[in-house]
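Chemist: Keeping their order, the protein sequence lines are chains A and B. Letter 164 of the first sequence, counting from 1, is numbered 153 in this note's numbering, and no numbers are missing. Every position in the second sequence, counted from 1, becomes a number in this note's numbering once 8 is added. Backbone N, C-alpha and C fix where the C-beta goes; we use that ideal spot for every residue, glycine too. Just so we're clear, the structure is a prediction, and the values are computed from it rather than from any experiment. Sharing a structure, written as structure tokens. Questions coming.
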Amino acid sequence: MFSFLARRLLSTLPVLLIVSVLVFLLLRLTPGDPAAVLAGDTASTDQIAQIRTHLGLDRSIPAQFAIWFGHLLGGDLGESFYYKAKVTTLIAQRLEPTLSLALITITIAVLVAVPLGVLAAWRFGGWLDRCLMGFSVLGFSVPIFVLAYLMIWLVSIKLGWLPVQGYRRLADGLVPYLSHLVLPALTLSVVYIALIARVTRASVLETLGEDYIRTARAKGLPERTVLLRHALANAAVPIATVIGIGIALLIGGVVVTESVFAIPGLGRLTVDAVLARDFPTIQGVILLFSFIYVAVNLLVDLSYVFFDPRIRY
Amino acid sequence: MANSTEFDSLSTESATVVAQPSALARVRANVSVRIGSSVLLALVLVALLAPWLGTVDPTLFDPASRDLLPGGQGEITTLEGDSIKHTFLMGSDGYGRDIYSRVVYGTRVSLIVGVCTALVALAFGIALGLCAGTLRRLDGPLMRVMDGVMAIPAILIAIALVAIWRGSLPTVVIAIAIPEIPRVTRLVRSLVLTIREEPYVEAAISLGTPTWKIMLRHILPNTVAPLVVQGTFICASGILVEAILSFLGVGLPPDIATWGNVMAEGRAQFNEFPHNIFFPGIFLAVTVLAVNMLGDGLRDSLDPKMAKRV
């Protein structure tokens, strides 16, 4: 187990290194003076000169990468010249809204999608199944911002149930916090529900055809136990996998959702940084999101042991 | 792993033998394919016939016709400076531009972006996948780089690239296509590794056929069906991502009529004029839905096993 853990952790290092190289090259291989590009349109000549010495831009590309990577390992993502602050500080300030949104979304998605998928597989070909399949194609096709505006228009403007936009910190009280997050989280969860429900349905459908299901039914187990203890439990690995893979979808959705609902999180920071061409911030956010994605999928891999005792590392 | 690959190739082979003559017939009979392709055909016609569908130049505006509701009557100033009467079927925006014309012309941009993105991603993916699948020494390093690209959320790559290159049609297409390349590469590589073991490839090798000829003549044709399906899904996501980029203000320049741009301009007045977002939104959703249905249908009718592979 420990040797597996060590090996699995080590195997993510090359991926993270390659991600770092790619993010580094993203800016260094663009035409023009990288110092001027990094500093953005609002920088002064002094700032550009300062970046040039700080990053060693007069040296070779590998040497520059070594310097940049050294800063990265030391937790230094550089300085935003648009916000006049350290990128790490900016990210830390924006972490709460994004994490809250993501966690609530994942919770809603799993709580809705898994039961729906199980029921659809249980009554394969029935009305619920057909509705779910139709919904999932629709969920993949309706753009998230169109859905977001539809929700705002219906729930907030027409019905007046929830605030239209904005964000309240958890420290401001639980009710305002949740009431500002429910709508964005619901919007964001639609694609995720479509994805998870589809995979749940497919993998439960596969386990329902197994011999041990017939045995379980033959010995008179209640249908609920058959579905949950036997079918769903054995279908857990692909479901966990798709939740992990779906994080990429979720991150893309966060960028759009935060922008529509005016939530001051990392997604909003990304868009603002791109509009201001604030490259240190763009680099920092991309690195962070990619590392989160890799880390979540690492956790998913490790969770296989928990879901399927037959898997022993 | 070796066993399952063997099993896959066996069952694919037997399925192909039975299905070969009727593959096209099955595609034609598929309901999803029929609906998807009919809707797409209609959209292609809309794009081609845009000037004759009661539209005006999508860049024309008239301050007197600002913020009209759908069906409103107003005037619009032509490039020559004449004022002509015009019915604003979908209303007008804050500059007095005709939303209907902008949406109809936006169909052109979305379809072009979708198709071009798919073609660019497929071209690079096929080339890299063939290299990885045939040249063993390249395989390891190339696939590690692809793993790295796949670890970065697609939309962030696209946003960052457009930010660096500044938005124009070619840069937006390439920026959207790049994050899709690793998936195509992986697919082509896995297909090549499976097909390489087929007896006819072994026969070709033993006859001394050059590697490039084996790649192009024996391996590539057998990857067509899965690639068409994959290309359809890339097209759908390309259309979506372009709209997202334009909507966020980091895509094509705002003077180009795209669905994303129309929606971005409608944001400020959403409370009073929600139709400025909903009309282009409906077009966008229907288009992506049609492409996705076409892809689902093609996948189901060409190769049922692919549902799991992709």
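Which full runs of the alpha helix (DSSP H) of 4+ residues lie inside the stretch 184 to 237 of chain B, going along the chain?
Modeler: Runs of the alpha helix (DSSP H) inside the stretch 184 to 237 of chain B: 189 to 204, 207 to 214.
Chemist: At 7 Å on the CB atoms, spell out the chain A contacts of B/R152, in chain order.
Modeler: As a position in the second sequence, residue 152 of chain B is number 144, starting the count at 1. Simply P3, I7.
Chemist: Identify each residue in the stretch 246 to 259 of chain A for which the Cβ-Cβ distance to at least one residue of chain B is less than 9 Å, and report them in chain order.
Modeler: Result list: S248, V249, T259.
Chemist: Below 8 Å on the Cβ atoms is my guess for B/L310 versus B/V237; work out the distance and round it to an integer in Å.
Modeler: For the purposes of this step, residue 310 of chain B is identified with residue 302 of the second sequence, where counting begins at 1. For the purposes of this step, residue 237 of chain B is identified with residue 229 of the second sequence, where counting begins at 1. Their Cβ separation, rounded to whole angstroms, is 6 Å, which keeps B/L310 and B/V237 in contact under 8 Å.
Chemist: I want to check one thing, is the minimum distance from the CB of B/H94 to the heavy atoms of the ligand GDP below 7 Å?
Modeler: As presented, the structure is devoid of all ligands, the ligand GDP included, so that no description of it is given.
Chemist: Between which residues of its own chain and A/V263 is the CB-CB distance below 7 Å, once the five residues before and five after are set aside?
Modeler: The residue given as residue 263 of chain A occupies position 274 in the first sequence. So the list reads I271, once near-sequence residues are dropped.
Chemist: At what residues does the beta strand (DSSP E) containing A/G123 begin and finish?
Modeler: Locating residue 123 of chain A in the first sequence gives position 134, counting from the first residue. Premise fails: A/G123 lies in the alpha helix (DSSP H), 116 to 130, not in any beta strand (DSSP E).
Chemist: In the stretch 288 to 300 of chain B, which residues sit with their C-beta less than 7 Å from some C-beta in chain A, listed in chain order?
Modeler: Here the close residues are G289, L292, A293, V296, L297, N300.
Chemist: Give a yes or no on whether the C-beta atoms belonging to A/S125 and A/A186 are separated by under 8 Å.
Modeler: Here the question's residue 125 of chain A lines up with position 136 in the first sequence. Here the question's residue 186 of chain A lines up with position 197 in the first sequence. A contact, by the Cβ cut-off of 8 Å.
Chemist: Kindly say whether A/R266, judged by its beta-carbon, lies nearer than 8 Å to any beta-carbon of chain B.
Modeler: Translated into positions along the first sequence, residue 266 of chain A becomes position 277. Yes, its Cβ sits closer than 8 Å to a Cβ of chain B.
Chemist: Under 7 Å Cβ-Cβ, which residues of chain B neighbour A/I50?
Modeler: The residue labelled residue 50 of chain A in the question sits at position 61 within the first sequence. What A/I50 touches in chain B: nothing, since even the nearest Cβ is about 16 Å away.
Chemist: Please report the straight-line C-alpha distance between B/E210 and B/A135, rounded to a whole angstrom.
Modeler: For the purposes of this step, residue 210 of chain B is taken as residue 202 along the second sequence, with counting starting at 1. For the purposes of this step, residue 135 of chain B is taken as residue 127 along the second sequence, with counting starting at 1. Rounded to whole angstroms, B/E210 to B/A135 spans 22 Å at the Cα level.
Chemist: Using three-state DSSP, classify A/Q154 as helix, strand or coil.
Modeler: Locating residue 154 of chain A in the first sequence gives position 165, counting from the first residue. Here A/Q154 sits in coil by DSSP.
Chemist: Quick one: measure Cβ to Cβ for B/V270 and B/V111, integer angstroms, because I've assumed they're closer than 8 Å.
Modeler: Numbered from 1 along the second sequence, position 262 holds the residue referred to as residue 270 of chain B. Numbered from 1 along the second sequence, position 103 holds the residue referred to as residue 111 of chain B. Yes, B/V270 and B/V111 are in contact; Cβ-Cβ is about 6 Å, under 8 Å.
Chemist: Would you please verify whether the beta carbon of A/Y71 is less than 8 Å from any beta carbon of chain B?
Modeler: Your numbering for residue 71 of chain A matches position 82 in the first sequence. Answer no: the Cβ-Cβ gap between A/Y71 and chain B never drops below 8 Å.
Chemist: When DSSP labels each residue in this structure, what does B/A265 get in the three-state scheme?
Modeler: Locating residue 265 of chain B in the second sequence gives position 257, counting from the first residue. Residue state, collapsed to three classes: coil.
Chemist: Name, in chain order, the residues that DSSP records as bridge partners for B/T240.
Modeler: Reading the second sequence from its first residue, position 232 is the one you call residue 240 of chain B. B/T240 is not bridged to any residue.
Chemist: Rounding to the nearest angstrom, what Cα-Cα distance links B/P29 and B/R105 in this structure?
Modeler: Residue numbering aside, residue 29 of chain B sits at position 21 when the second sequence is read from its first letter. Residue numbering aside, residue 105 of chain B sits at position 97 when the second sequence is read from its first letter. Low per-residue confidence applies at B/P29: pLDDT is 48, beneath 50, and the placement is therefore not dependable enough to give any value.
Chemist: Is any beta-carbon of chain B found at less than 8 Å from that of A/F58?
Modeler: Indexing the first sequence from 1 puts residue 58 of chain A at position 69. A/F58 does not count as touching chain B.
Chemist: If you run the structure through DSSP and keep just helix, strand and coil, what is B/F96?
Modeler: Locating residue 96 of chain B in the second sequence gives position 88, where the first residue counts as 1. In this structure, B/F96 counts as strand in the three-state DSSP scheme.
Chemist: Starting from B/A159, find everything on chain A with Cβ-Cβ shorter than 7 Å and list it in chain order.
Modeler: For this step, residue 159 of chain B is matched to residue 151 along the second sequence. Per Cβ cutoff of 7 Å: V4, V8, S279, Y282, V283.
Chemist: When Cβ atoms are compared, which residues of the stretch 255 to 266 of chain B fall closer than 8 Å to chain A?
Modeler: Going along the stretch 255 to 266 of chain B in chain order, one finds F255, L256, G257, V258 with a Cβ nearer than 8 Å to chain A.
Chemist: Drop a sphere of 10 angstroms on the beta-carbon of A/P298, count the other beta-carbons inside from all chains shown, and report buried for 16 or more, exposed for fewer.
Modeler: For the purposes of this step, residue 298 of chain A is taken as the residue at position 309 of the first sequence. It is exposed - the Cβ of A/P298 has fewer than 16 other Cβ atoms within 10 Å.
Chemist: Over what stretch of residues does the beta strand (DSSP E) that includes B/E83 continue unbroken?
Modeler: Within the second sequence, the letter at position 75 stands for residue 83 of chain B. Start and end: 80 to 85.
Chemist: State the CB to CB distance for the pair B/I184 and B/V249, rounded to an integer number of angstroms; the pair is presumed to be in contact (CB under 8 Å).
Modeler: By one-based count along the second sequence, residue 184 of chain B stands at place 176. By one-based count along the second sequence, residue 249 of chain B stands at place 241. Indeed, because the Cβ distance is near 5 Å, the residues count as touching under 8 Å.
Chemist: If we cut at 8 Å on Cβ distances, does A/I146 have a partner in chain D?
Modeler: In summary, chain D is missing from the structure at hand, where the protein chains are A and B.
Chemist: Do A/V180 and A/I133 have their C-beta atoms closer together than 8 Å?
Modeler: Residue 180 of chain A sits at position 191 when you count from the first residue of the first sequence. Residue 133 of chain A sits at position 144 when you count from the first residue of the first sequence. For A/V180 and A/I133, yes; Cβs fall inside 8 Å.
Chemist: In the stretch 15 to 81 of chain A, which residue ranges form an unbroken alpha helix (DSSP H) of at least 4 residues, counting only runs that do not cross its ends?
Modeler: Runs found: 23 to 28, 34 to 44, 50 to 62.
Chemist: Reducing DSSP to helix, strand and coil, say where A/D297 ends up.
Modeler: Looking up residue 297 of chain A in the first sequence gives position 308. DSSP places A/D297 in coil when its eight states are reduced to three.
Chemist: Could you check if B/A37 is buried or exposed, using at least 16 other CB atoms within 10 Å of its CB as the buried criterion?
Modeler: Position 29 of the second sequence, counted from the first residue, corresponds to residue 37 of chain B. With fewer than 16 other Cβ atoms within 10 Å, it is exposed.
Chemist: Which residues bound the alpha helix (DSSP H) around B/I290?
Modeler: Residue mapping note: residue 290 of chain B aligns to position 282 of the second sequence, counting from 1. Here the alpha helix (DSSP H) through B/I290 covers 283 to 310.
Chemist: Closest Cβ-Cβ distance between A/P86 and chain B: below 8 Å?
Modeler: As a first step, residue 86 of chain A is located in the first sequence; it is residue number 97 there, counting from the start. No - not a single Cβ of chain B is within 8 Å of the one on A/P86.
Chemist: Does any C-beta atom of chain B lie closer than 8 Å to the C-beta of A/P132?
Modeler: Against the first sequence, residue 132 of chain A aligns to sequence position 143. Yes, contact with chain B.
Chemist: Any idea which residues DSSP pairs B/S91 with across the strands?
Modeler: Start at 1 with the first residue of the second sequence, and residue 91 of chain B comes out as number 83. Paired residue(s): B/T85.
Chemist: So B/A251 and B/L292 are supposed to be a Cβ contact under 8 Å. How far apart are they, rounded?
Modeler: Counting from 1 along the second sequence, the entry for residue 251 of chain B is found at position 243. Counting from 1 along the second sequence, the entry for residue 292 of chain B is found at position 284. At roughly 5 Å, the Cβ-Cβ gap stays under 8 Å, so B/A251 and B/L292 are in contact.
Chemist: Taking A/A237 as the query, report the chain B residues whose CB atoms sit under 8 Å from its CB, ordered along the chain.
Modeler: Numbered from 1 along the first sequence, position 248 holds the residue referred to as residue 237 of chain A. Simply P161, A162.
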